[in-house]
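First comes the structure, then the notes that go with it.
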Amino acid sequence: MEQMRQGAQQQRQQQQKQRKAEQERRHCAPLPDPVGRQCA
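Here you go:
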């Protein structure tokens, strides 16, 4: 049971990370840096 809860939590965190990365990429799209690091 505990493992299932932890797994769900990790999935949620990963989804949040992915969404954040997508938002940052979109936000930095006009910049020449494809990774978007300069735009933090």
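In this note's numbering, the protein residues as written are 17 to 56. Yeah, the Cβ is synthetic: ideal placement off N, Cα and C, and Gly gets one too.
By how many angstroms is the C-alpha of Arg-21 removed from the C-alpha of Arg-42?
32 Å
Let me know the secondary structure DSSP gives Met-20 once reduced to three states.
helix
Which same chain residues end up closer than 7 Å to Ala-37 when comparing Cβ atoms and leaving out the 5 residues on each side of it in sequence?
none
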